[in-house]
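For reference, the structure discussed in these notes is given below.
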Amino acid sequence: MNRRAFLKTTVAGSLVAGFAGTVAAAERYFPTQVDMRLFDTINRVKDPTKKTPLEKSHAPVITAPASVTAGKPFTVEVSVGEVLHGMMPAHWIGFIELSLGNEPAGRVDLQPRGYLVPKVAFTVLVPKEAASTGKVTLVAKQQCNLHGLWEGTLDIAVT
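Next comes the structure, spelled out in structure tokens:
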């Protein structure tokens, strides 16, 4: 075999072996197949009385008082799912954020390592001018690396 043929064969073999190794590693570390339609839009619970397993583990759940006083701080907890979403190297929550209507209130970025529980607490204060109608909508969003962006809302009264 001449040198040129040897080099061509070696390079081609290396590329095939490298690609096969990459595919094998991807299947080992990311065994869950991804539904790309979940990344097209913001995902929300379609029917609160009949939640799917995906909705139960991914839709943000907001826990807050039913009524608050304008200008006084209160605590809002946001957890990812009724059944808390697991965090592992192949499937994790990237962030959890909270807004008062369209105004950002806070955001927590999470790492895909370790033994985290995707549940955070925010201390929030609603200014009187932000609740001119006597209520405010809390909006929580979370990003799952395999299942896209999810949103949950909760209306609370403001006196």
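Residue numbers (mature numbering (1 follows the signal peptide of the UniProt record, and there is no 0)): -25 to -1, 1 to 134. Where a beta carbon is used, it is the ideal one built from N, C-alpha and C, also for glycine. In this text, all values refer to a predicted model and were calculated from it rather than measured experimentally.
Item, Value
"Drop a sphere of 10 angstroms on the beta-carbon of residue 135, count the other beta-carbons inside from all chains shown, and report buried for 16 or more, exposed for fewer.", "The structure shown does not extend to residue 135, since the chain is modelled only from -25 through 134, so no value can be given for it."
"What does a CB cutoff of less than 6 Å around Ala96 pick up in its chain, not counting 5 residues either side in sequence?", "Thr50 and Glu52"
"Mind reading off the beta-carbon distance from Ala34 to Ile131? Whole number of angstroms is fine, and I expect it under 8 Å.", "In fact, because the Cβ distance is near 18 Å, the residues do not count as touching under 8 Å."
"Taking the alpha-carbon positions, what's the Leu113 to Leu73 distance?", "7 Å"
"Does Val(-3) pass the burial test, meaning 16 or more other C-beta atoms within 10 Å, or should it be called exposed?", "Note that Val(-3) has pLDDT 48, beneath the 50 cutoff, so the model's placement of it is unreliable and the number below is only indicative. Label assigned to Val(-3): exposed."
"Let me check understanding here. Comparing Cα to Cα, which of Val111, Thr24, Ser54 and Asn18 lies closest to Arg82?", "Ser54"
"Apart from the five residues on each side of it in sequence, which residues of its chain come closer than 8 Å, Cβ to Cβ, to Thr134?", "Ser42, Val43, Thr44, Ala45 and Gly109"
"Can you tell which of Phe(-20), Ala105, Thr128 and Ile37 has its C-alpha closest to the C-alpha of Leu59?", "Ile37"
"Would DSSP call Leu129 helix, strand or coil?", "strand"
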